[in-house]
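Down below is the structure, laid out as C-alpha cells.
There are 2 protein chains.
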Amino acid sequence: MTDVKTGPNPLFLREEDLRQGMELLFYAYRDFTAEPDAMLAKIALGRAHHRVVYFVGRYPGITVSELLAILQITKQSLSRVLSELVAEGYVEQRTGTKDRRQRLLALTEKGQELERQLSDAQRARIARAYRAAGAAAVEGFRTVMLGIMDEADRAKFPPPRAPGTKR
Amino acid sequence: MTDVKTGPNPLFLREEDLRQGMELLFYAYRDFTAEPDAMLAKIALGRAHHRVVYFVGRYPGITVSELLAILQITKQSLSRVLSELVAEGYVEQRTGTKDRRQRLLALTEKGQELERQLSDAQRARIARAYRAAGAAAVEGFRTVMLGIMDEADRAKFPPPRAPGTKR
DNA sequence: TTTTTACGTCAGTCATGTTGACTTGTTTCC
DNA sequence: GGAAACAAGTCAACATGACTGACGTAAAAA
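Okay, structure coming up:
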C-alpha cells in the first residue's frame with residue numbers, strides 16, 4: 001500500500017499495532033460480559049436476554065423489527081428469548097396504535113430492576129475506565145470505536161456536547 | 001457517590017455517557033466479528049475455531065493450559081474445537097521438551113493461511129479506524145480499553161514506544 | 001513413593017444461533 | 001375493493017459452543 005498521508009499523523013501501522021487492537025477488543029469484551037453472564041446464570045437466563053432487556057430499556061416502545069435490526073439475529077432466535085421475558089414478566093408488549101401490526105415492547109417494573117442490576121457492573125466498569133483515562137482518552141476511544149463499527153449505526157452516537165455546555 | 005476529584009478531568013459522567021460506552025462496545029464487537037464469522041461458516045468452522053487459530057498464531061508453542069487461561073473456557077469446550085483443527089491440519093501439537101506433559105501448539109502452513117484470511121478483514125477494519133482517528137485517539141482508545149478489561153491481562157499490552165523511537 | 005499437574009475423554013445438558021415453511025392480522029397500493 | 005406487502009408469531013429440525021461431572025494416563029514435583 002502506497003502511503004499517502006491522510007492527515008497530520010501518518011500512523012505507521014505495524015502488524016503488531018493491529019494485533020494489539022484486535023486483542024484489546026477481545027479481552028475488553030470478554031471481561032465486560034463476564035459479570036452479567038454470571039448473574040444471569042443464577043436466574044436461568046443468558047446473555048441474549050440481557051441484550052434484549054438492555055435495548056428494550058434503552059428504547060421503550062421499540063418494535064420487534066427494530067430490535068431485530070439492532071441485534072442482527074433472526075426473529076426465531078429473538079422469539080424464544082422474548083417470549084420467555086414476557087412470560088416471566090420482565091417485558092410487556094402492547095399493540096401499536098398507529099400501526100396495529102406492531103408489538104411495542106417495554107420493560108415492566110421488574111424488567112427495569114433486572115436491567116439495572118445487570119448493567120450496573122458494566123456501567124461501573126465503564127465509569128472506572130473513563131475516570132482513570134480522562135476526557136481526552138474517552139473521546140479517542142469513542143472515535144476509534146465508531147471507526148470500527150459499520151457506518152450504518154454510527155448515527156446512533158451523536159457528537160459529544162461542547163465543553164462547558166449545560167444541557 | 002460523592003465526587004472526589006481524581007485528576008485534571010473530573011469527568012461528569014452521565015448515565016447517557018455510560019450507556020453510550022456500553023453500546024459502542026456492543027456495536028463494534030458485533031461488526032468486528034461478523035466478517036470472519038461469515039467466512040468460517042463456509043468451511044464449517046465457527047468463531048471458537050477462529051479464536052484458537054488466532055491465539056495459537058499469536059503465541060506459537062503455547063500450551064493448552066495457557067490457551068485455556070486466555071479463552072476462559074473449559075478444557076472440554078476447547079477440546080472439541082482443537083481436535084477438529086488438528087484433524088483438519090490447521091494446528092499441530094508436539095510434546096514439550098522441557099515438560100513432556102505439555103502439548104505445544106503451533107499453526108501449520110495451512111493454519112497460517114487460514115488465520116491470515118480470517119483476520120485480514122479485522123486487521124483492515126482496525127487499520128481503517130486507526131488511520132481515520134489519528135494517533136492521539138488511538139492512544140485514548142488503548143487506555144480506555146485497558147481500563148475496561150480486568151487488570152490481570154493488562155501486562156500483555158506493553159506501553160507504546162516513544163515517538164521517533166526506532167525498534 | 002505419593003501427590004500434583006497437564007492433558008485427554010466420555011456423557012449429558014443448555015443456550016443461542018441457524019434455515020425453511022407456514023399462519024394471522026393489518027396496511028398499503030393499484 | 002382486492003391484491004400485494006408487511007409485521008409478527010409459530011413449528012420443526014439442526015449446529016455450535018458453552019457447561020458440569022467423572023474418570024484415565026503420563027509425567028513432574030514434593
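Here the protein sequences line up with chains A and Y, keeping their order. Using full-length UniProt numbering, the final residue of the first sequence is 167, and nothing's skipped along the way. Using full-length UniProt numbering, the final residue of the second sequence is 167, and nothing's skipped along the way. In this text, a Cβ means the ideal position worked out from N, Cα and C, and glycines have one as well.
Would residue i be called buried (16 or more neighbouring beta carbons within 10 Å of its own) or exposed?
{"i": "Y:SER83", "result": "exposed"}
{"i": "A:GLN117", "result": "exposed"}
{"i": "A:ARG142", "result": "buried"}
{"i": "Y:ALA137", "result": "buried"}
{"i": "Y:GLY147", "result": "buried"}
{"i": "Y:GLU51", "result": "According to the sequence provided, residue 51 of chain Y is Arg. The question's Glu does not apply to it. Y:ARG51 should be labelled buried."}
{"i": "A:SER119", "result": "buried"}
{"i": "A:GLY140", "result": "buried"}
{"i": "A:GLU115", "result": "buried"}
{"i": "A:THR97", "result": "exposed"}
{"i": "Y:ALA57", "result": "The sequence shown places Gly at residue 57 of chain Y, not Ala. So Y:GLY57 ends up on the buried side."}
{"i": "A:GLY46", "result": "exposed"}
{"i": "A:PRO159", "result": "exposed"}
{"i": "Y:PHE26", "result": "buried"}
{"i": "Y:GLN20", "result": "buried"}
{"i": "A:THR95", "result": "exposed"}
{"i": "A:THR33", "result": "buried"}
{"i": "Y:GLU15", "result": "exposed"}
{"i": "A:GLN76", "result": "exposed"}
Put residue i into one of helix, strand or coil per three-state DSSP.
{"i": "A:ARG14", "result": "coil"}
{"i": "Y:GLN93", "result": "strand"}
{"i": "A:ARG123", "result": "helix"}
{"i": "Y:ILE70", "result": "helix"}
{"i": "Y:ALA106", "result": "strand"}
{"i": "Y:GLY7", "result": "Only weak support is given to the placement of Y:GLY7: the predicted model assigns it a pLDDT of 39, under 50, and the value that follows is read from those uncertain coordinates. Correct three-state label for Y:GLY7: coil."}
{"i": "Y:ILE148", "result": "helix"}
Less than 7 Å between CB atoms is the rule here; does residue i satisfy it with respect to chain Y?
{"i": "A:MET149", "result": "yes"}
{"i": "A:ARG123", "result": "yes"}
{"i": "A:PHE12", "result": "no"}
{"i": "A:GLY140", "result": "yes"}
{"i": "A:ASP153", "result": "yes"}
For a contact defined as C-beta to C-beta under 7 Å, what are the partners of residue i on chain A?
{"i": "Y:THR143", "result": "ALA133, ALA137"}
{"i": "Y:ARG30", "result": "GLN72"}
With distances taken from CA atoms, which of the options is nearest residue i?
{"i": "Y:MET149", "options": "A:GLU23, A:GLU16, A:LEU71", "result": "A:GLU23"}
{"i": "A:ALA28", "options": "A:GLY134, A:ALA133, A:ILE126", "result": "A:ILE126"}
{"i": "A:ALA124", "options": "A:GLN20, A:ASP31, A:ARG19", "result": "A:ASP31"}
{"i": "Y:ALA133", "options": "A:ALA135, A:ALA133, A:VAL144, A:ARG131", "result": "A:VAL144"}
{"i": "A:GLY61", "options": "A:GLN20, A:ARG80, A:THR108", "result": "A:THR108"}
{"i": "Y:ASP99", "options": "Y:ALA152, Y:THR63, Y:ALA38, Y:ALA155", "result": "Y:THR63"}
{"i": "A:GLN72", "options": "A:VAL91, A:PRO36, A:ALA48", "result": "A:ALA48"}
{"i": "A:MET39", "options": "A:PRO160, A:GLN122, A:ARG19, A:ALA135", "result": "A:GLN122"}
{"i": "Y:ALA129", "options": "A:GLU151, A:GLN112, A:ARG128", "result": "A:GLU151"}
{"i": "Y:ILE43", "options": "Y:PHE157, Y:GLU88, Y:PHE55", "result": "Y:GLU88"}
{"i": "Y:LEU13", "options": "A:PHE157, A:GLN76, A:LEU18, A:ARG131", "result": "A:ARG131"}
{"i": "Y:ARG154", "options": "Y:LEU104, Y:VAL53, Y:ILE70", "result": "Y:ILE70"}
{"i": "Y:GLU66", "options": "Y:GLN102, Y:ASP37, Y:GLU35, Y:VAL81", "result": "Y:GLN102"}
{"i": "A:LEU104", "options": "A:TYR54, A:ALA41, A:GLU35, A:TYR59", "result": "A:TYR59"}
{"i": "A:GLU92", "options": "A:ALA106, A:LEU18, A:ASP37, A:GLU113", "result": "A:ALA106"}
Closest Cβ-Cβ distance between residue i and chain A: below 7 Å?
{"i": "Y:MET1", "result": "Unreliable placement is indicated for Y:MET1, whose pLDDT of 48 sits below 50; no coordinate value is reported for it."}
{"i": "Y:LEU59", "result": "Correcting the residue identity first, residue 59 of chain Y is Tyr in this sequence and not Leu. Not closer than 7 Å to any Cβ of chain A, the Cβ of Y:TYR59 fails to qualify, so no."}
{"i": "Y:LEU82", "result": "no"}
{"i": "Y:LYS5", "result": "Because Y:LYS5 sits at a pLDDT of 40, beneath the cut-off of 50, its placement in the model cannot be relied upon, and the point is left open."}
Can you pull the chain Y neighbours of residue i, defined as C-beta to C-beta under 8 Å?
{"i": "A:ARG128", "result": "GLY147"}
Report the neighbours of residue i on chain A: residues whose CB is nearer than 9 Å to its CB, in chain order.
{"i": "Y:SER119", "result": "LEU18, ARG19, MET22"}
Using the beta-carbon of each residue, which ones in chain A are nearer than 8 Å to residue i?
{"i": "Y:LEU107", "result": "Ordered by position in chain A, no residue passes the 8 Å Cβ test against Y:LEU107, which lies about 14 Å from the chain."}
Chain Y partners of residue i, CB-CB under 7 Å?
{"i": "A:TYR27", "result": "MET149, ASP153"}
Please tell me whether, using a cut-off of 6 Å, the distance from the CB of residue i to the nearest non-hydrogen atom of the ligand ATP is below it.
{"i": "Y:LEU24", "result": "Absent from the structure shown: the ligand ATP. Ligands present: none."}
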